[in-house]
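In my numbering, the protein residues as written are 1 to 79. All C-beta atoms in this analysis are idealised placements derived from N, C-alpha and C, irrespective of residue type, glycine included. Given the structure is predicted, the values throughout are model-derived calculations rather than measurements. This report concerns only the one structure given below.
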């Protein structure tokens, strides 16, 4: 394996790790929300709400780009 291939594999592994950490954080937030819904007094639409939260947590989401700059920060760094 040459230097370029090694760098590409490391970059890919870093990307997979960041994606997994992002998905794990989303899953934890969803489970906490489901727990809160389940611990509340029963409401007619509790189960549909839990199902909606679970589906949203299972759907893939793109992690935020760390290189993205918001409006004010972008304006400050422009030449």
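DSSP places residue 23 inside the alpha helix (DSSP H), whose first and last residues are 3–39. Contact check for residue 26 and residue 57: beta-carbon distance about 6 Å, within the 8 Å limit, so the pair qualifies.
Contact between the segment 7–21 and the segment 36–43 is absent, with fewer than three C-beta pairs closer than 8 Å.
Bounds of the alpha helix (DSSP H) holding residue 53 are 46–58.
Remark: C-beta atoms of residue 34 and residue 59 do not approach each other more closely than 8 Å. Distance from the CA of residue 11 to the CA of residue 1, rounded to the nearest whole angstrom, comes to 15 Å.
Sequence-distant partners of residue 67 (beyond 5 residues in either direction) whose C-beta falls short of 8 Å from its own C-beta are missing from its chain.
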